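Take any residue in the sequence shown, count from 1 to its spot, add 314: that is its number in this note's numbering.
All C-beta atoms, glycine included, are put in the ideal place defined by N, C-alpha and C.
What you are looking at is a predicted structure, and each value in this text was computed from that prediction instead of being measured.
Contents: one structure, followed by commentary.
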Amino acid sequence: MAGILTYRNNFEAAAFEVAQRYPDAKIIVIFPYGMASGTSRSVLHRLLTRQLARVGYDLIHGPSRRVRLVSEIIHEHMASANQLLLIGHSAGGVVAYRSGLILAEKYGQEQVRVVAVGSPKFHLRDIPFNKRFTYISGRNPDRITRIGSWRRPGSRVYCGKPGLEIQLDFNPDNLGWQYHASYFLKSVWMDQNHVSHSNVEELISKIHELHPEFKG
């Protein structure tokens, strides 16, 4: 599940890694806020402004028409599957959680799990579904992950949190927006012990470690 200013090829490396670990899985990439592919520089700013407004709505409100549409698309594709793993990047993590909740509550999908990576935080109700929700961020600062909060101050309803929150090491040479945008890219780097790492390999390996049971 993609966030904003995302290009068609941004998840090719991730799809390859997922296919290696889940060989029988059906992989679907959804762009709930649209793609930046084929967009000229002159139009890119207007696209970003429009996407940010939609993200702002999804952060604050319940399921939007966009989220409901995504859940319907997933429901159509999962007709032959009994397990569902939703992985969302940035604002796509918000859509992944909200659409996963619809699939669980409306369609009775018990085997749905959600992983949000580098996403802004949003108010969570204190509900059992949160146990199926994992939040992954990098150890280095990422301004997007500092946006929002899980709990609404003073609320007895919005006082939930993800079932699991994890911090991983990602390429420290990437700074600012580049760091945020590279979770799902190869982005090869060396650690202090001169061991080679790749952002996407580290990320998908961790997801597979958490959810080895998903076969597709």
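With 16 as the cutoff for other CB atoms within 10 Å, does Asp456 come out buried or exposed? buried
What is the DSSP secondary structure of Phe498, counted as helix, strand or coil? coil
Whole-number beta carbon distance between Arg427 and Leu399, since they are thought to touch under 8 Å: 5 Å
Report yes or no: do three or more beta-carbon pairs, one from the stretch 415-424 and one from the stretch 357-372, lie closer than 8 Å? no
Straight-line gap, Leu489 to Ser519 (C-alpha atoms, nearest Å): 23 Å
Beta-carbon gap between Phe447 and Ala418 smaller than 8 Å: no
Check whether the Cβ atoms of Pro377 and Arg322 lie closer than 8 Å to each other. no
Taking the alpha helix (DSSP H) that Val431 falls in, what are its first and last residues? Element bounds for Val431: not the alpha helix (DSSP H) but the beta strand (DSSP E), 426-431.
How long is the line joining the alpha carbons of Phe498 and Arg460, rounded to whole angstroms? 19 Å
May I ask you to list the residues that DSSP assigns as paired with Ser451? Gln481
The stretch 509-528 contacting the stretch 316-335, beta-carbon criterion three pairs below 8 Å: yes
Going residue by residue through the stretch 375-435, where are the continuous alpha helix (DSSP H) segments of at least 4 residues, counting only ones entirely within it? 379-391, 405-421
Length of the line joining the Cα atoms of Arg439 and Lys475: 8 Å
With a threshold of 16 other CB atoms inside 10 Å of the CB of Ser501, please say whether the residue is buried or exposed. buried
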